[in-house]
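Peer 1: Sharing a structure, written as structure tokens. Questions coming.
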Amino acid sequence: MLRLHGEVKSRALRPLWLLEELGIPFEWVPTAPRSEGARAVSPLGKIPVLVTEEGPVFDSVAQMTFLADRAGRFTHPAGSYLRARQDALTNTINETFDAVLWAYAKHSFVLPEEHRVPAVKDSLRWQFGRYAEVMADLIEGPFLMGAEPLVPDFLLAHCCGWAEGLRFDLPEGLRTHMTAMRARPAFQRAIAHG
1 MLRLHGEVKS RALRPLWLLE ELGIPFEWVP TAPRSEGARA VSPLGKIPVL VTEEGPVFDS
61 VAQMTFLADR AGRFTHPAGS YLRARQDALT NTINETFDAV LWAYAKHSFV LPEEHRVPAV
121 KDSLRWQFGR YAEVMADLIE GPFLMGAEPL VPDFLLAHCC GWAEGLRFDL PEGLRTHMTA
181 MRARPAFQRA IAHG
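If you read the sequence shown in UniProt numbering, its first letter stands for residue 1, the second for the next number, and so on.
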């Protein structure tokens, strides 16, 4: 059985949500970052960690891709043009939204105070706003690539929720997407683990 280590209010929500969507049996192990439990399954003590029969999988995006590929749902076939577009969206969201939000969080409360650079936060908000406007324009239907949600939809919805928690402005298109994704029963089951 799969075992997922993490906290709901972290990137662990991403694979947790996908596990609930897919209906795959799993064990949820509440684990704080850098805790003894995290270090037992992750060399860096980072979460989430998805423990499989073959070994651990680190990184929430790798975990979501692994789960979707294994189940053949919420993804396009590897090697297809549509998969290349899907992966491009996933990587773009990770490199822009996630990266900006993580940098903002680090300079707000994660880093020791003497290592924070509060002045960078205005620039990060501006960057996020630019990326958000472009991403809102890329939505091709109710979901990023049309009628069905894919891995990047879950990633985008999670990042938009994170942004909302940090009081970032979201364009209407992204807010509508996030609201639709969060209305899914599997999202409600996932957050109930917290």
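Virtual Cβ for every residue (Gly too), placed ideally from N, Cα, C.
No experiment lies behind these values; they were computed from the predicted model shown.
Among residues of its own chain, excluding the 5 on either side of G129, which ones have a beta-carbon nearer than 8 Å to its beta-carbon?
Peer 2: Contacts found: F168 and D169.
Peer 1: When the Cβ atoms of the segment 108–118 are set against those of the segment 176–184, are three or more pairs found closer than 8 Å?
Peer 2: The answer is no - the segment 176–184 does not touch the segment 108–118, with fewer than three Cβ pairs under 8 Å.
Peer 1: Measuring straight from C-alpha to C-alpha, what distance separates A105 and M1?
Peer 2: Straight-line Cα distance between these residues: approximately 33 Å.
Peer 1: Tell me whether Y66 sits in a helix, a strand or coil according to DSSP, three-state version.
Peer 2: As written in the sequence, residue 66 is Phe, which differs from the Tyr given in the question. F66 falls in the helix class under three-state DSSP.
Peer 1: Taking its Cβ as the centre, do 16 or more other Cβ atoms sit within 10 Å of Y131, making it buried, or is it exposed?
Peer 2: Under this definition Y131 is a buried residue.
Peer 1: For the alpha helix (DSSP H) containing G161, list its first residue and its last residue.
Peer 2: First-last of the alpha helix (DSSP H) with G161: V151 to G165.
Peer 1: Determine, using beta carbons only, whether I191 and P152 come nearer to each other than 7 Å.
Peer 2: No, the Cβ-Cβ distance between I191 and P152 is not below 7 Å.
Peer 1: Using a threshold of 7 Å, state whether the C-beta atoms of A12 and P43 are closer than that.
Peer 2: No. Outside cutoff.
Peer 1: Could you give the residue range of the beta strand (DSSP E) that holds R130?
Peer 2: Counting along the chain, R130 falls outside any beta strand (DSSP E), though it belongs to the alpha helix (DSSP H) covering V120 to L138.
Peer 1: Output needed for G45: all residues of its chain with C-beta closer than 8 Å, excluding positions within five of it in sequence on either side, in chain order.
Peer 2: Excluding positions up to five away in sequence, the list reads P33, R34, S35, A38 and R39.
Peer 1: Rounded to the nearest angstrom, what separates K121 and E164 at their Cα positions?
Peer 2: Their Cα atoms are separated by approximately 15 Å.
Peer 1: Check whether the Cβ atoms of L15 and L4 lie closer than 7 Å to each other.
Peer 2: Per the sequence presented here, residue 15 reads as Pro, with Leu not at that position. It is a contact, given that the beta carbons lie within the stated cut-off.
Peer 1: Mind checking which residues open and close the beta strand (DSSP E) that includes F58?
Peer 2: Element bounds for F58: P56 to F58.
Peer 1: Could you name the residues that DSSP lists as bridge partners for V49?
Peer 2: Looking at the DSSP assignment, V49 forms a beta bridge with H5 and F58.
Peer 1: What residue from L166, T176 and F154 has the CA that sits closest to T65's CA?
Peer 2: Nearest option by C-alpha distance: F154.
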